[in-house]
Amino acid sequence: MIGSFVRRTRCGAAVVLALCATMTLAACGSNDSGSTSTSASTAASTGTSTGTSTAGGDNAVVAEAQKALDAASGPTGTFKEPPTGATNPPKGKDIVVIPFGQGIPSFAAAVKEVQAAGDKLGWNVRVVDGKFSPNAWLAGIRDAINAKADGIITFGPDCPPIKAALQDAKKANIPVINVEGHDCDTLQPGADPEFAFTVGYAEGTLQDWLKAMARLQADWAIAHTNGKAKVLDIFETDAHTFKVMNDEFRKQLGKCPGCEIVDRIEITGADYGPKLQQKTQQALLQHPEINVIWPGGTETLLPAGVAAAVRGSQNKPISVGWECQDDSKTNFENKILGVCFNYPPQWEAYAAVDALINIYEGKKPNLNSGLGIRVVDAEHNQDYQPYQAPIDFKAAYEKAWGVG
Numbered sequence: 001m002i003g004s005f006v007r008r009t010r011c012g013a014a015v016v017l018a019l020c021a022t023m024t025l026a027a028c029g030s031n032d033s034g035s036t037s038t039s040a041s042t043a044a045s046t047g048t049s050t051g052t053s054t055a056g057g058d059n060a061v062v063a064e065a066q067k068a069l070d071a072a073s074g075p076t077g078t079f080k081e082p083p084t085g086a087t088n089p090p091k092g093k094d095i096v097v098i099p100f101g102q103g104i105p106s107f108a109a110a111v112k113e114v115q116a117a118g119d120k121l122g123w124n125v126r127v128v129d130g131k132f133s134p135n136a137w138l139a140g141i142r143d144a145i146n147a148k149a150d151g152i153i154t155f156g157p158d159c160p161p162i163k164a165a166l167q168d169a170k171k172a173n174i175p176v177i178n179v180e181g182h183d184c185d186t187l188q189p190g191a192d193p194e195f196a197f198t199v200g201y202a203e204g205t206l207q208d209w210l211k212a213m214a215r216l217q218a219d220w221a222i223a224h225t226n227g228k229a230k231v232l233d234i235f236e237t238d239a240h241t242f243k244v245m246n247d248e249f250r251k252q253l254g255k256c257p258g259c260e261i262v263d264r265i266e267i268t269g270a271d272y273g274p275k276l277q278q279k280t281q282q283a284l285l286q287h288p289e290i291n292v293i294w295p296g297g298t299e300t301l302l303p304a305g306v307a308a309a310v311r312g313s314q315n316k317p318i319s320v321g322w323e324c325q326d327d328s329k330t331n332f333e334n335k336i337l338g339v340c341f342n343y344p345p346q347w348e349a350y351a352a353v354d355a356l357i358n359i360y361e362g363k364k365p366n367l368n369s370g371l372g373i374r375v376v377d378a379e380h381n382q383d384y385q386p387y388q389a390p391i392d393f394k395a396a397y398e399k400a401w402g403v404g
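When we follow the UniProt record's numbering, the leftmost residue of the sequence shown carries the number 1, and every step to the right adds one.
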């Protein structure tokens, strides 16, 4: 999601400027590729719409966008209960966890949950900080192999930079579980998958989840503006996850006859900060008709320059977010952010542990972890807490593991 990266607030503002340029994860410069609400409420939940909808096609598109938003606007969104099949987890396993970088708040939170789950299962969990470096990821995997670890969990790295180490782990019969990274077969058609398993979502694969997120982002822009979205598209070119999301966002927005991408800014992680702010300011000055900003699919760009540019603009367009991070509530209050989509990285951690358990038992891990998408805007789910799930997934997993 991707972060999903970069989800996803895959990069805290404190590390964005220095580190995002090298990132490849799903939501921070990744290198890889309910009960329902009322129909009008999500569309009008923040700001004011730019005009009335035209007849025919626009009305139908707005209605379809609103329908999709309603389906994800309930208290639990598209989240489902996690797999509940009984397992008999072995004790005494030695697990190595390698996050893209411990400086990414969402991954740091996920790592803690792997450790907590390991404590309950009687596992020894060791963390190797990936330090935003492919060399560190490689070294971490190879160190785990040399230490004869029983399993490895990675958060963020894609397959290509660590392919050789993944192949070494496979030869050593050490399963490597992938979270928010893209396996070689998804990036290179015809290539073999190198991870033992990649954590999935209620929507399906990581790619399915990212595309569903991007479609909802476009749907919110369509519904919020009543089919008159004039979008500033900020596209981070060094992130394959962002390419997946950008392509899907533009495709979905293209279904709206009265909507358009007014301008597109192409950036890399190196532009975070003053450069991003300046580029955004220039676009808003040249195109005062812009009423929606798609900030690369992630809220990370807001504190990295976009929010400052919006505050100084004349029309103050609203931004479409993703992760529902620590500063989202403030951005809602200041009319910087119009919508975000609840993201709990701890769930990914438990899903990764569950995958290892299934592999140890000779079973195929569950692709559908139940982790989904939930709309958070001014009138929906404002009781959310950053990185917290709307379903007690821990209790469900721990019951299945026999430790609940």
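For every residue, glycine included, the Cβ atom is placed at its ideal position computed from N, Cα and C.
Where the alpha helix (DSSP H) containing residue i begins and where it ends
i, result
"W137", "P134 to N146"
"V127", "Segment N124 to V127 is the beta strand (DSSP E) holding V127; no alpha helix (DSSP H) there."
"F107", "P105 to L121"
"A352", "P345 to Y360"
"K174", "First, the amino acid is wrong: residue 174 is Ile here, not Lys. Looking at the DSSP string, I174 is not in any alpha helix (DSSP H), and its letter there is neither H nor E."
"A307", "A307 to R311"
"D185", "C184 to L187"
Cutoff 7 Å; reference residue i; Cβ partners in own chain excluding five residues on either side
i, result
"T52", "Residue confidence for T52 is low, a pLDDT of 37 falling below 50, so the modelled location carries little weight and cannot support an answer."
"A191", "C184 and D185"
"E398", "K120 and G404"
"A169", "I141, I145, I152 and V176"
"T268", "A21, E236, T237 and D238"
"K394", "Y350"
"G122", "K91 and G92"
"T48", "The predicted position of T48 is uncertain, since its pLDDT is 33 and thus under 50; a value taken from the coordinates is nonetheless stated next. There are no such residues."
"E289", "K230 and V262"
In DSSP terms, what residue i is bridged to
i, result
"L337", "S319"
"F155", "P99 and V179"
"W294", "D233"
"I261", "V231"
"Y272", "In DSSP, Y272 forms no bridge with anything."
"D392", "Bridge partners of D392: none, in fact."
"H240", "Note: H240 sits in no beta bridge, so no partner."
"Y201", "G204"
"H380", "D377"
"I267", "E236"
Close beta carbons around residue i, own chain, < 6 Å, minus the five adjacent residues each side
i, result
"S45", "Legend: pLDDT at S45 = 34, less than 50; position of this residue unreliable, value from coordinates given subsequently. These residues qualify, in order along the chain: D377, A378 and E379."
"K316", "V310"
"P365", "F197, A355 and N358"
"H287", "V262 and D263"
"Q252", "R215 and A218"
"N173", "none"
"D150", "K93 and D94"
Cβ shell of residue i (< 8 Å), same chain only, five flanking positions each side left out
i, result
"G402", "A86, T87, N88 and P89"
"N331", "E299, L302, A307, S319, G321 and L337"
"K275", "I267 and G305"
Option nearest residue i by Cα separation, candidates the options
i, options, result
"G103", "D129, K93, A117 and G151", "D129"
"A212", "D354, R250, I98 and F107", "R250"
"F155", "Y350, A400, T330 and C259", "Y350"
"Q167", "V125, D158 and F195", "F195"
"G118", "V96, L301 and L302", "V96"
"N291", "D58, Q282 and Q314", "Q314"
"I98", "A60, Y387 and A139", "A139"
"V61", "I222, A202, G200 and Q188", "I222"
"E323", "Q385, G200 and A165", "Q385"
Start-to-end residues for the beta strand (DSSP E) that takes in residue i
i, result
"V375", "V375 to D377"
Residue i: CB within 7 Å of a non-hydrogen atom of the ligand MG
i, result
"L121", "With respect to the ligand MG, the structure shown offers nothing to examine, as it has no ligands at all."
Under 8 Å between C-beta atoms of residue i and residue j
i, j, result
"P83", "A400", "yes"
"V125", "W220", "no"
"residue 476", "P303", "Since the first residue of the chain shown is 1 and the last is 404, residue 476 is not available in this structure."
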